[in-house]
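Note that this note's numbering has the sequence shown beginning at 3, numbered continuously upward.
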Amino acid sequence: MDTLLLILGFCCMLVGILGSVLPVLPGPGISWLGLVFLYFTNAVPDNYWILGITFTVTIIISLLEYIIPSKGTKQFGGSKYGIWGTNIGLVIGLLSPIPFGFLIGAFAGAFIGELCMILKITNAL
3 MDTLLLILGF CCMLVGILGS VLPVLPGPGI SWLGLVFLYF TNAVPDNYWI
53 LGITFTVTII ISLLEYIIPS KGTKQFGGSK YGIWGTNIGL VIGLLSPIPF
103 GFLIGAFAGA FIGELCMILK ITNAL
C-alpha cells in the first residue's frame, strides 16, 4: 500500500509542477494532494503542522490567481466593465485548450469589457 501511495504522491507532485506552467491544471491543489498521499505512507513522518500550513498557502495562492488580474485592471485605470471582462476572460481562457489561454482570455475580456463601456477602440486599448 505504501508503494501505491508513494507513486500516486509523486505523480501528483509532477502534475502539480506541470500545472504551474500549463494553465489548465490547478498546480498548487494537485501538488498539495500529492503531499497528502505522501503523508499517508510510513516514509514521511507525521507532522500535521506542515500539512496545515501548506494547505493554507495553497488556498491563498489559488485565490490570488483569480484576484490579481482584476486588481491589476483596476490599478491601471480599467473600469468595472474591464474588471468583469478580465474575470470572465480569465475563466474562459483557463478552460480553453489553446496555449497561454489564460493570458489571451484575460486581455481579450478586459478589451471587450472596456469596448462595451467606451465604444472606442483607441480608448479601450
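We put the CB at the ideal spot given by N, CA and C, even for glycine.
Euclidean distance between Cα positions of residue i and residue j
i	j	result
residue 37	residue 118	45 Å
residue 46	residue 35	14 Å
residue 42	residue 115	47 Å
residue 101	residue 23	10 Å
residue 113	residue 51	44 Å
residue 81	residue 120	10 Å
residue 2	residue 49	Because the chain here runs from 3 to 127, residue 2 falls outside it and cannot be looked at.
Same chain, Cβ closer than 7 Å to residue i, five either side skipped, listed in chain order
i	result
residue 39	7, 10, 11, 14
6 Å Cβ shell around residue i - same chain, five flanking residues per side excluded
i	result
residue 91	107, 108, 110, 111
residue 71	88, 92, 108
residue 19	none
Nearest-angstrom beta carbon gap, residue j and residue i [assumed within contact, 8 Å]
i	j	result
residue 63	residue 99	Actually they do not touch by this definition, with Cβ atoms about 24 Å apart.
residue 75	residue 61	Wrong, their Cβ atoms sit about 23 Å apart, outside the cutoff.
Buried or exposed by the 16-neighbour rule on C-beta atoms within 10 Å, applied to residue i
i	result
residue 33	buried
residue 54	exposed
residue 83	buried
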